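Going down the list, the sequences are from chains V and G. Take 23 as the starting number for the first sequence in UniProt numbering and just add one per residue. Take 23 as the starting number for the second sequence in UniProt numbering and just add one per residue. By construction, the Cβ of each residue, glycine as well, lies at the ideal position given by its N, Cα and C atoms. As the structure is a prediction and not an experimental result, all values here were calculated from the model. Here is the structure we will look at.
Number of protein chains: 2
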Amino acid sequence: SDSRAREAARARNDRLTKPPGALGRLEELAVWFAGWAGTERPVLARPQVAVFAANHGIAVRGVSAFPAEVTAQMVANFRAGGAAINQLSAWAGATMSVHALDLDRPTRDFTTGPAMSEAEVVRALETGWTAVDPEADALVVGEMGIGNTTSAAALACALFGGAAEDWAGRGTGIDEAGLSRKVETITEGLGRHGAALTDPLEALRCLGGREIAAMAGAIAAARSHRIPVVLDGFIATAAAGVLARAAPGCLTHCVAGHVSAESGHRRLLGKLGLDPILDLGLRLGEGSGGALALGVLAAALRTHSGMATFDEAGVSDG
Amino acid sequence: SDSRAREAARARNDRLTKPPGALGRLEELAVWFAGWAGTERPVLARPQVAVFAANHGIAVRGVSAFPAEVTAQMVANFRAGGAAINQLSAWAGATMSVHALDLDRPTRDFTTGPAMSEAEVVRALETGWTAVDPEADALVVGEMGIGNTTSAAALACALFGGAAEDWAGRGTGIDEAGLSRKVETITEGLGRHGAALTDPLEALRCLGGREIAAMAGAIAAARSHRIPVVLDGFIATAAAGVLARAAPGCLTHCVAGHVSAESGHRRLLGKLGLDPILDLGLRLGEGSGGALALGVLAAALRTHSGMATFDEAGVSDG
Chain V
23 SDSRAREAAR ARNDRLTKPP GALGRLEELA VWFAGWAGTE RPVLARPQVA VFAANHGIAV
83 RGVSAFPAEV TAQMVANFRA GGAAINQLSA WAGATMSVHA LDLDRPTRDF TTGPAMSEAE
143 VVRALETGWT AVDPEADALV VGEMGIGNTT SAAALACALF GGAAEDWAGR GTGIDEAGLS
203 RKVETITEGL GRHGAALTDP LEALRCLGGR EIAAMAGAIA AARSHRIPVV LDGFIATAAA
263 GVLARAAPGC LTHCVAGHVS AESGHRRLLG KLGLDPILDL GLRLGEGSGG ALALGVLAAA
323 LRTHSGMATF DEAGVSDG
Chain G
23 SDSRAREAAR ARNDRLTKPP GALGRLEELA VWFAGWAGTE RPVLARPQVA VFAANHGIAV
83 RGVSAFPAEV TAQMVANFRA GGAAINQLSA WAGATMSVHA LDLDRPTRDF TTGPAMSEAE
143 VVRALETGWT AVDPEADALV VGEMGIGNTT SAAALACALF GGAAEDWAGR GTGIDEAGLS
203 RKVETITEGL GRHGAALTDP LEALRCLGGR EIAAMAGAIA AARSHRIPVV LDGFIATAAA
263 GVLARAAPGC LTHCVAGHVS AESGHRRLLG KLGLDPILDL GLRLGEGSGG ALALGVLAAA
323 LRTHSGMATF DEAGVSDG
């Protein structure tokens with residue numbers, strides 16, 4: 023991040039026609055964004071939402087309230103414009119791209135072996151990396167993948183410790199018996215891979231999914247392009263968590279868009295030291311909470327870059 | 023509110039391509055709005071932000087971090103497009119109107135007598151009532167008035183009980199000594215008017231300000247026109263509080279846009295049973311938090327009215 027632009031933005035913020043600090047979180051967001059944009063008065067002209075979809079071997083274990091074919095059906099829905107993320111991307115003024123990763127070839131059930139081979143996880147990371155428009159000025163990554171809260175919970179547990187129960191939640195709305203199967207599946211997976219999981223990228227390969235790897239690749243690419251990222255929910259944050267464990271401090275280009283109703287998300291944000299912008303009880307994924315927060319970021323930049331200063335407006339500054 | 027439209031919207035919400043409840047607060051907002059709009063698939067086409075400004079006699083008591091002339095300076099800033107609310111209204115796609123109420127004639131210092139005469143409070147209520155565009159499909163009311171957190175705190179205390187300390191906050195950023203003067207001023211005002219304050223409209227006349235009365239008039243007019251209202255911060259909510267005490271149950275057309283950093287606001291929302299949409303540490307007024315939440319409401323309506331149903335998209339519904 024460009025500290026000169028950030029400091030110039032902070033100085034501008036102090037001269038805007040409002041009491042100091044009166045725009046709260048909006049002020050912090052604008053100053054943070056200015057550092058990544060490298061300019062005192064940034065605008066949001068070309069935000070991107072990238073949605074990644076993949077299928078999970080562990081879906082056969084009955085860990086979701088929906089059947090696995092819903093992943094492909096929802097990809098078709100994304101492409102036809104019928105999903106929540108289509109509406110929210112349009113609302114936020116963002117372009118939206120959809121990336122289906124080998125839907126007809128689910129990852130391996132991670133209780134029986136690594137979810138992905140080396141080649142598979144590298145390919146998924148690359149898909150994410152190359153999905154990022156280098157000219158975008160903000161990025162949201164989202165996902166779709168029946169079974170992926172189980173994968174994300176296993177990954178979070180491997181990365182940040184605790185028990186499967188701490189990270190397993192209701193996902194799309196599974197019942198008590200399904201939640202028990204979810205906890206068992208996670209516990210079994212963690213036992214199966216053991217010490218290999220101390221390497222964050224190996225944990226991603228063993229327990230993750232293609233869409234999770236792709237989101238990690240996209241978030242890393244965004245940093246390389248100096249594009250700020252607004253994180254979505256539990257699964258996108260788990261992808262960010264892999265990077266945080268692999269390269270501590272590498273998420274300063276990310277903010278947490280929201281905290282979801284999926285129980286592990288608040289815990290995961292805490293581990294990453296991220297304070298969510300919104301708390302609206304969402305638990306959809308797709309990038310939905312990230313896109314909503316992208317709208318709030320746009321509002322923050324409009325106030326920061328568009329307001330008059332005390333001098334310009336002839337207002338007494340207290 | 024139209025219960026048939028609301029139930030039709032609820033049924034539509036249950037058929038949209040997402041797990042039930044996965045859009046959290048957005049779903050509730052859309053169903054609530056549908057009832058007021060009287061249609062199953064409402065849109066937000068013509069939202070209005072109305073900002074009211076007035077001056078307060080109690081400003082002479084040193085209860086604000088800013089001098090009283092800032093009210094008129096900020097009205098000029100609103101008209102020139104330089105304030106936060108100009109940017110946030112534009113961001114939310116709302117028209118914005120500014121209403122200055124006799125700025126050269128502050129209300130009376132309420133520690134020496136009623137802030138307004140009968141004629142003055144009626145005129146302010148009417149200004150608010152007529153400021154509402156009957157064709158608007160959502161309304162945010164905002165305010166500007168140096169000293170008005172003191173007026174709002176005194177009013178909240180009269181309406182909902184407790185001590186001056188419970189309701190007095192830092193406003194635009196006053197120091198410890200200023201806060202003490204604020205608490206004293208409120209306590210003195212409450213003592214001065216005594217039993218008259220049990221009548222909510224009389225409390226408004228004795229302790230309020232013209233902009234507060236105007237906001238109350240506008241919120242009442244919105245109900246008469248069946249226009250949903252997104253409340254802003256402490257002062258706008260105090261105006262709504264007058265109506266709630268005068269006619270219990272009359273605020274079902276209102277949602278709380280946000281909870282501000284002004285300490286009394288959370289308490290006041292609690293008294294009114296309102297759950298804020300946003301919590302971003304704002305403490306600016308002007309309608310700023312209301313306009314931000316108006317954007318979230320627009321997003322909620324876009325998902326509700328724009329998404330495909332399970333049948334339309336050919337997605338298995340679990």
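Interface residues of chain G facing LYS204(V) [CB-CB closer than 8 Å]: Near LYS204(V) there are no residues of chain G at all, since even the closest Cβ is about 15 Å away, more than 8 Å.
Whole-number beta carbon distance between THR93(G) and ILE168(G), since they are thought to touch under 8 Å: 5 Å
Got a sec, what are the start and stop residues for the beta strand (DSSP E) GLY311(G) sits in? No beta strand (DSSP E) holds GLY311(G); the alpha helix (DSSP H) holding it covers 310-328.
Are TRP58(G) and PRO298(G) touching if we call contact CB-CB under 8 Å? no
Within 10 angstroms of its Cβ, does PRO128(G) collect 16 or more other Cβ (buried), or is it exposed? buried
With respect to the beta strand (DSSP E) encompassing GLY164(G), which residues constitute its N-terminal and C-terminal limits? 160-166
If distances are taken between C-alpha atoms only, which option among ALA158(G), GLY46(G), ASN77(G), GLY79(G) comes closest to ALA67(G)? ALA158(G)
Counting only C-beta atoms, is GLY303(G) closer than 8 Å to chain V at any point? yes
Report the option in ALA178(V), VAL277(V), GLU206(V) whose CA atom is closest to the CA atom of GLU50(V). VAL277(V)
Beta-carbon gap between MET329(G) and GLN95(V) smaller than 8 Å: no
Whole-angstrom distance between ALA33(G) and ARG63(G), CA atom to CA atom: 11 Å
Applying the criterion that 16 or more other CB atoms from any shown protein chain within 10 Å of the CB defines a buried residue, is ARG245(V) buried or exposed? buried
Residues that MET118(G) bridges to, as DSSP identifies them: VAL71(G)
Which residues in the same chain as GLY309(V) place their Cβ atom closer than 6 Å to its Cβ, once the five residues preceding and following it in sequence are excluded? VAL71, VAL73, ILE107, VAL162, GLY164, ASP254
Extent of the continuous alpha helix (DSSP H) run through VAL92(G): 91-102
Within 8 Å, strictly: CB atoms of THR259(G) and LEU290(G): yes
Closest to SER282(G) by C-alpha separation, out of ARG305(G), THR194(G), ALA269(G), would be which residue? ARG305(G)
Amino acids of chain V, ordered along the chain, whose beta-carbon sits closer than 9 Å to that of PRO41(G): ALA87, PHE88, GLY193, THR194, GLY195, ARG305, LEU306
In chain order, what residues of the same chain have a beta carbon less than 7 Å from the beta carbon of LEU45(G), not counting five sequence neighbours either side? THR325
Proximal chain G residues relative to VAL92(V), where beta-carbon distance stays under 7 Å: VAL337, SER338
Would VAL53(G) and LEU323(G) qualify as a contact pair, given that the criterion is a beta-carbon distance under 8 Å? no
Could you list the residues in the region 45-64 of chain V with a C-beta less than 7 Å from some C-beta on chain G, going in chain order? LEU45, GLY46, ARG47, LEU48
Out of ASP36(G), ASN77(G), ASN170(G), which has the shortest C-alpha to C-alpha gap to ILE196(G)? ASN170(G)
What residues in the region 314-334 of chain V have a beta carbon less than 8 Å from any beta carbon of chain G? LEU314, GLY317, VAL318, ALA320, ALA321, ARG324, THR325, GLY328, MET329, ALA330, GLU334
According to a CB-to-CB cut-off of less than 9 Å, which residues of the region 110-130 of chain V neighbour chain G? LEU110, ALA112, TRP113, ALA114
Residue span of the beta strand (DSSP E) that contains CYS276(V), given as start and end: 276-278
State the beta-bridge partners of residue 353(G) as determined by DSSP. Here chain G comprises residues numbered 23 to 340, so residue 353(G) is not present and cannot be evaluated.
Assuming THR171(V) is part of the alpha helix (DSSP H), what are its boundary residues? 170-182
Contact with chain V by MET96(G), beta-carbon distance below 8 Å: yes
Quick check on THR331(V): does DSSP put it in helix, strand or coil? strand
Same chain, Cβ closer than 6 Å to PHE256(V), five either side skipped, listed in chain order: ALA174, SER282, GLU284, GLY286, HIS287
Step through the CB atoms of chain V and report whether any lies within less than 8 Å of the CB of ALA72(G). no
Are the beta-carbon atoms of LEU300(G) and ALA315(G) separated by less than 8 Å? yes
For a contact defined as C-beta to C-beta under 7 Å, what are the partners of ASN77(G) on chain V? The contacting residues do not exist; ASN77(G) stays about 14 Å from chain V at best.
Beta-carbon neighbours of GLY104(G), restricted to chain V and to distances below 8 Å: THR39, MET329, ALA330, GLU334, ALA335
Helix, strand or coil for LEU123(G)? Go by DSSP, reduced to three states. coil
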